[in-house]
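Below: the structure, in structure tokens.
There are 4 protein chains.
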Amino acid sequence: MKTYKIYLAGEFVETTETLEVCNPYSKEIFAQTYLAGEEIINKAILAGLEAEKEMKQLNSLQKYEILMQISNDILGDKKRLAAVLSKESGKPMRYALGEIARAAQTFLVAAEESKRLPKEYLSLDWTAAGQGKEGLVKYFPIGLIAGIAPFNFPLNLAVHKIAPAIAAGNPIILKPARSTPLSVLELAKIIDKTDLPKGAISILPTDRVAGNILITDNRIKMLTFTGSPEVGWEMKKNAGKKKITLELGGNAGVIITETANFENALAKTLIGSFAYSGQVCIHVQRIFVQHSVFENFVENFIAKVKQLKVGDPLESSTDISVMIDEDNASRVESWVNEAKAGGAKVLCGGNRKDGFYEPTVLTNTKSEMKVCSLEIFGPVVTLEPFSDFNKAIDEINHSVYGLQAGVFTNKISEMDYAFDNLEVGGVVINDVPTFRVDHMPYGGVKNSGFGREGLKYAIHEMMEPRLLVKSV
Amino acid sequence: MKTYKIYLAGEFVETTETLEVCNPYSKEIFAQTYLAGEEIINKAILAGLEAEKEMKQLNSLQKYEILMQISNDILGDKKRLAAVLSKESGKPMRYALGEIARAAQTFLVAAEESKRLPKEYLSLDWTAAGQGKEGLVKYFPIGLIAGIAPFNFPLNLAVHKIAPAIAAGNPIILKPARSTPLSVLELAKIIDKTDLPKGAISILPTDRVAGNILITDNRIKMLTFTGSPEVGWEMKKNAGKKKITLELGGNAGVIITETANFENALAKTLIGSFAYSGQVCIHVQRIFVQHSVFENFVENFIAKVKQLKVGDPLESSTDISVMIDEDNASRVESWVNEAKAGGAKVLCGGNRKDGFYEPTVLTNTKSEMKVCSLEIFGPVVTLEPFSDFNKAIDEINHSVYGLQAGVFTNKISEMDYAFDNLEVGGVVINDVPTFRVDHMPYGGVKNSGFGREGLKYAIHEMMEPRLLVKSV
Amino acid sequence: MKTYKIYLAGEFVETTETLEVCNPYSKEIFAQTYLAGEEIINKAILAGLEAEKEMKQLNSLQKYEILMQISNDILGDKKRLAAVLSKESGKPMRYALGEIARAAQTFLVAAEESKRLPKEYLSLDWTAAGQGKEGLVKYFPIGLIAGIAPFNFPLNLAVHKIAPAIAAGNPIILKPARSTPLSVLELAKIIDKTDLPKGAISILPTDRVAGNILITDNRIKMLTFTGSPEVGWEMKKNAGKKKITLELGGNAGVIITETANFENALAKTLIGSFAYSGQVCIHVQRIFVQHSVFENFVENFIAKVKQLKVGDPLESSTDISVMIDEDNASRVESWVNEAKAGGAKVLCGGNRKDGFYEPTVLTNTKSEMKVCSLEIFGPVVTLEPFSDFNKAIDEINHSVYGLQAGVFTNKISEMDYAFDNLEVGGVVINDVPTFRVDHMPYGGVKNSGFGREGLKYAIHEMMEPRLLVKSV
Amino acid sequence: MKTYKIYLAGEFVETTETLEVCNPYSKEIFAQTYLAGEEIINKAILAGLEAEKEMKQLNSLQKYEILMQISNDILGDKKRLAAVLSKESGKPMRYALGEIARAAQTFLVAAEESKRLPKEYLSLDWTAAGQGKEGLVKYFPIGLIAGIAPFNFPLNLAVHKIAPAIAAGNPIILKPARSTPLSVLELAKIIDKTDLPKGAISILPTDRVAGNILITDNRIKMLTFTGSPEVGWEMKKNAGKKKITLELGGNAGVIITETANFENALAKTLIGSFAYSGQVCIHVQRIFVQHSVFENFVENFIAKVKQLKVGDPLESSTDISVMIDEDNASRVESWVNEAKAGGAKVLCGGNRKDGFYEPTVLTNTKSEMKVCSLEIFGPVVTLEPFSDFNKAIDEINHSVYGLQAGVFTNKISEMDYAFDNLEVGGVVINDVPTFRVDHMPYGGVKNSGFGREGLKYAIHEMMEPRLLVKSV
């Protein structure tokens, strides 16, 4: 069984507490690593504080070269990395390979953006008081950052914290999910080969007590968290003086109108609904279809769902596999059962076997049901007809969440109405809310988040502006 | 005695709790107004939530015209408004008139910026996943805002919350300081004449319980506070899900080198040290003078301090008058006494009479003394020599605060070193840290603040980005 | 008869050559002014060169106040100014008042933009050669500018040269059209009351020889011309080393699809076709209507054309009046006759009486006819059906011109196709190509122009960037 | 002898007219290639026009990958390419290697910028006319471009036309200097391996008649020229309707003050004066040294000049070698002789042997002498003392040229005065005017140029904005 040391400020170390990593499909414990306790976390913080000055001194060229080296090394080893990721997370290889490519892209964009950090040059002579003066605004690294990443994109969502931190010139301590620490520890090996200052990066699975230090300690200047809403909002309260970014979940909705390209809508919503068993923050959970095309859509959609290939995530043809663990599969089962009890109709799926939950399509749901109102984070989607476009928009807004939404339409008026009225971070026209490219601004409103990621935006959040007022 | 009603969502109302307003110089209670309690605050919140939609619909032209009307009406009544402000705050008329002019300028810039809200247009086709797609980012008003303003710039610091809120399209509830509610209630009358939606603006002095609702209530989407560090950071913990901006204080430092224009340094530091008795967030508290010019500087500075005209704030020739209240004057007295006991030398001043504290210059201070390490918020400044420029920078950084700093020099190398190394929000070359024009980004780091004001920056903080992904 | 002196570098002067100004409607010569000859032009150039330094020194506040003063003074005298403009140009009062308001707006936006001149702050350390260096780019005024304005918007198109010149800090010599010099000479009186340096502005109708100096003289740094394509492109050849902007004409096309709002399309195209007798650079000359709605559109359109009120431009109810002169009316007549001879059908209008040409609608035209292929600059529009949207786009592109185009549609796919494929400077969705607000980028491609106007864009063209490379 | 075919729209072809390429150092004709005549140029134009559409369709990813491939392939063969460049131009290997690295960097930055093409998103509702409308500005490729490159940076200055053309989506016909066609024909082989549309790139040495077509033909939309001022400005007159960018020469000046780092000033001016025998547009031609340090500077500078290693450009230790041809060496000789006859003193150098001209330092020159007032483009520099900084600035401005200037100083006041008053495209503080990194805005004012290069800026010049006005 392979053992991964954890990455403490430029050193691979062991601790007294081991962490076993289980393949959710085979149930095999195929690797082990370590948990950092309080002492290790404190060392990581001290080393990070120590590295702040050196990180700040890195010039554009140095940051560019480091980030490009990481990007290239990821691409150079993509198959092996994808297999590690697939094994720890149960993610089908097709999607695991996609995530590896995206992680490389995230570093590549960070490399480019490290040369384009925000800078402003202002005139100040708008009143008598400012005569003869001009202003320069330069953004400086904010300081030591703590990043907490989830299991569902174990590599790329960690990279969305590490890459902008480096581009901005900040040290970072990254805590992966306990179930999926390996792909990001593989990344640690790649990072370790670069010229980054030794204390700049720590990648540490932690126990709860140690993890809590990352939230509360005021020596850490920023916390960037991707995970569940409950955990995230609780962190905000305890974050002390530090800045915080929260990338949380949602119950993303899609509207399909009669003017949309039908085949496109069908193909995209299928993937958006079931990729990685719906364990995606911007998973398609609620589909609203215009009355005139509803029946046709249902028929075709169900047919396609039934063709999804279920199996071992490591096989390249697999579309859908187990969920991350049996607890989650059980939770999904109970929510679907609640919906059925409340009158919902199961159009397909609806059964669980151990950690595997069938791709499931529901209709006749009510908005108060958990499958509608909470984040299901599983392979379940609801299909409902609508007559009035604006009411479908209201339906999507009728949620405590607001991450992204998709609208399939060819009407300008509907596009504009959706953009102006959907209470979400992103409105995706003619594609699913699941759409994300790594340089776009990404994040939610309402309970779905606080702040934005996407390289340029994340880098901006990780920097502090300083104004120079100079006499001309 | 004049009575001011308070401004609840477009109505001037009375409450059961009166608030007397005292002229700090004459000790006369010259006006009264009301405190809002829980019920009023709740009404203001409900009305604000109600107004969110109407505010969001305001187009650029409407916002521009409203904001320009307010700006012009302020200018049109500037002498009377300055007198109100001077009476409630004890601020000398010269400075009160300056503040009125700045409030008008703040609305004027907000008017212009309301036509230039942030908007982005992005290419998304950097990877295969983004082919055929483009992105638009539009910023939407964040929702109901709570603003809390201090006594020292009772009008303009409130305006720095109200004007950007309107420009961004947000309703706002503004709580002035209890000692200085009048000038902003005068503003309420000006605002009331505009076409703003009725519920959009409330201006409400509150008791402590009602004020606390503004901090904790999650229906409010953002809290923007200007005041003391202790109060500010405590608010951050209790702010729930809302966004927060804190504009706090500091112990601003100035460096004067031998290459600086001596007369300029002298004149500017005099004003920075004693304007409004130092009751200014960016008051000059610590002056470090290069060894070779130290003695000469001390001599000239003291001579000028002694010429400051003390008196009634309502007289146009008055340079310096009473502090806001006797408690503060006593606090300053005790800090200076602590310094004297510790070995500091009083070069001039050092005496208190009731609420009046003399303009005071100290030397031989130590960095742990309260007059150095805490925010004095009074007419006291320390003068110390230095030999090594970099150490003078370290001295300024040796503080829990970091708002602004001033550096008088004609050396490029010193300017660059200061910009790169002073841990503050703004480095002012050849002027005092007290320099602020209303459109520049303004705010502190470390304990001095969180986020930035200055119209464009404040407006940006008060908006939420939404991405539209469109197919080309 | 009123006599207007011309404006030479801050002085109102007479010359030996008088210029009579005729009211095109009444045929009355109602005013006279003067032509500048070579000597005067040379004085204007020398004074302009002299003023370059002083103009460059104007700070943001000074420029803002000057430009706002002009804007306010125009608004304060709008009725009288509109009457002058209407008399010299034959433009109906309704439109003349609109032009005066726009001229005030053009100065207002210039005032705001004068505080927001382009400035950049760059990192340069992307390679070893740039280590330790940063760049600032500041834009400096380009120097003396010559502006040449046409008769059809005698005030606002001159203002689109004068206002950005002032905002950028440049002196300017403005030559109005010989037929319409008065409204801009009225503007000269307003400008003369400001604190602008005396030599900064000249407003001089000229004879041909003197006018030619403005084109060829290398002491002038930029020429900005609005007028006919033939004249404009010839100027480019003779402009020597100077920069040039050309705002020329076109034969703007409109597409109306079946998904468009029919009433909106009808109302907008009516105005776009016949406002100021089509003597507008972005006059609607060619309308392509989707087959399914063509007949209905024709019927309604003709009915509305017949209701246009013909008469004295000075009456507020007049929709349409005489053309600028009889020559132009005759030219339009001959082009329509050529079209009729070639098989075109006159749906309404088609007759001339002296300088008045009836609002005329043609169909069955061919693209080679002058009414289609050349710029008609008269109250004539063609109406043709189309079946295939993309071919309608091709039809509009089948022209040597490319200024603006309008597309009435509610289809996203049509909007996107139009934007990506129409070879024009501006694509206007659900409005006519005649749409222009003064701060938008405006200008043509192909034979329709060179460079862009619109305040921010015009100011940018009138400035020269200078890079400062500084060591950090 | 190696024969290079020329690159006609994706094909390597021969013509009937051969062009021999001579090594300026060995006098050996070591390679030959071909001249394109009228027929070939016309084919290139037709193919280019044909390719416009396909180039316009390239998305960001495609352009990025093509440009990165070229950049990487250049780096992968840098030694061989540098040798080719050194042989054709006589440029010492040290500098030839630097140029190859810069060419790779120029493509790399173009790759990054191809993903960041200018895009704007505007509010239009500033007046009633714009209510409900917003604007998008997208930049489209301008169309077929002609680029003309000089001998002195035979590769990188050609790349500064080719790389932005590709990034912008334009086809380009590049004409290298007749003496140095080989390195860019090597580049053609690298380009040919990419997926660029076949007609997109032509690289063609031409005879005079064929070359003239590139200037006059209106099917070409833009001409970008780097070369001599006389030739450049003549082109502007004959360029018809096309856009033009001119990167011409100058007689760059440097100011060295007593506050500057002496060793830095010495080392940088030495390289700026003699690199590639001064055959550089931003060669240091005139050095003004503050009186107090003049003698010391002269002594040390002369000592260093005498240590320059003269020899075969192909040897890595060579600092300086022959000029491009004997004609140029003779011209330099005659200018220096004219200066001597007029009273100038030769501090070192001053002799010619065939095509080699000694590194030469003059003093006691007068500003009317050719060595001061014209562009010497040879290894000659003047050294003069100054007392008054502002007069030294005047001295530099006393020139028909204005490309870049260098100022060695540690005074803020001098830096600011220089930035505001030097009439040049770039002011370089504490480095020589010879400083250029490839992404910075670069170009001259007065007779030195028209427009700016530097990737972002060149790309911008090569695109045409198009506004979309959309209803919200």
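Residue numbers (my numbering), protein chains in the order written: chain A, 621 to 1092; chain B, 621 to 1092; chain C, 621 to 1092; chain D, 621 to 1092.
For glycine and all other residues, C-beta sits at the position ideal for the given N, C-alpha and C.
A distance of 8 angstroms or more separates the beta carbons of A:Ile840 and A:Ile782. With respect to A:Gly750, A:Ser1091 sits apart: the two C-beta atoms are not nearer than 8 angstroms. Taking each of D:Pro784, D:Asn871, D:Ile626 and D:Thr846 in turn and checking the Cα distance to D:Glu1015, the smallest one comes out for D:Asn871. Contacts between D:Glu732 and chain A, judged by CB atoms closer than 7 angstroms, involve Glu732 in chain order. Pairing B:Ala721 with B:Lys698 gives a Cβ-Cβ distance under 8 angstroms.
Residue contact with chain D for C:Asp1051: present (Cβ-Cβ distance below 8 angstroms to some residue of chain D). Given a length threshold of 3 residues, each whole run of the beta strand (DSSP E) inside the region 735–818 of chain D is given here in chain order: 739–743, 753–761, 765–768 and 792–795. Fully enclosed alpha helix (DSSP H) runs of no fewer than 4 residues occupy 658–677 of the region 650–686 of chain D, in order along the chain. None of the residues of the region 883–905 of chain C has a beta carbon lying less than 8 angstroms from any beta carbon of chain D. In terms of CA proximity to A:Ser912, A:Phe882 leads the group A:Pro849, A:Ser680, A:Asn692 and A:Phe882. The beta-carbon of B:Leu737 is placed less than 8 angstroms from the nearest beta-carbon of chain D.
Counting C-beta atoms within 10 angstroms of its own C-beta, D:Gly963 has fewer than 16 neighbours from the protein chains shown and is therefore classed as exposed.
Between B:Gln905 and B:Thr1002 a beta carbon distance of about 7 angstroms is seen, short of the 8 angstroms cut, so the two are scored as contacting. The beta carbon of A:Pro817 does not come within 8 angstroms of any beta carbon belonging to chain B, so the residue lies off that interface.
Contact between the region 807–824 of chain A and the region 1029–1039 of chain A is absent: fewer than three C-beta pairs spanning the two stretches fall below 8 angstroms.
Closer than 7 angstroms at the C-beta level to chain D, one finds these residues of the region 1059–1087 of chain C: His1059, Met1060, Pro1061, Val1065, Arg1072, Glu1084, Pro1085, Arg1086 and Leu1087.
Taking the Cα positions, B:Arg1086 is about 5 angstroms away from B:Val757. Between the alpha carbons of B:Glu1084 and C:Tyr715 lies a gap of roughly 40 angstroms. Interface with chain D (8 angstroms Cβ-Cβ cutoff): C:Gly789 is excluded. A:Phe914 sits close to A:Pro1005, with the two beta carbons spaced by under 8 angstroms. Secondary structure at D:Gln910: strand, using DSSP grouped into helix, strand and coil. The beta carbon of B:Gln751 falls within 8 angstroms of a beta carbon belonging to chain D, placing the residue at that interface.
Here the alpha carbon of D:Met1060 sits roughly 30 angstroms from the alpha carbon of D:Val942. Considered as a whole, the region 959–1009 of chain D harbours 990–993 as its complete alpha helix (DSSP H) runs of no fewer than 4 residues, in chain order. Residue range Leu1075 to Glu1081 is occupied by the alpha helix (DSSP H) that includes B:Glu1081. In the displayed model, D:Gln689 falls within a helix according to three-state DSSP. Between the alpha carbons of B:Leu737 and B:Leu681 lies a gap of roughly 12 angstroms. Remark: three or more beta-carbon pairs, one from each stretch, lie closer than 8 angstroms, so the region 758–771 of chain A and the region 837–854 of chain A are flagged as touching.
Take the alpha-carbon of B:Asn1017 and the one of B:Trp853: they are about 20 angstroms apart. In the three-state scheme derived from DSSP, where H, G and I count as helix and E and B as strand, C:Val1052 is classed as coil.
Contact holds between the region 628–640 of chain D and the region 660–675 of chain D, because three or more Cβ pairs, one in each stretch, are under 8 angstroms apart. Residue nearest to B:Pro979 within the set B:Asn971, B:Thr985 and B:Tyr684 is B:Asn971 (criterion: CA-CA distance).
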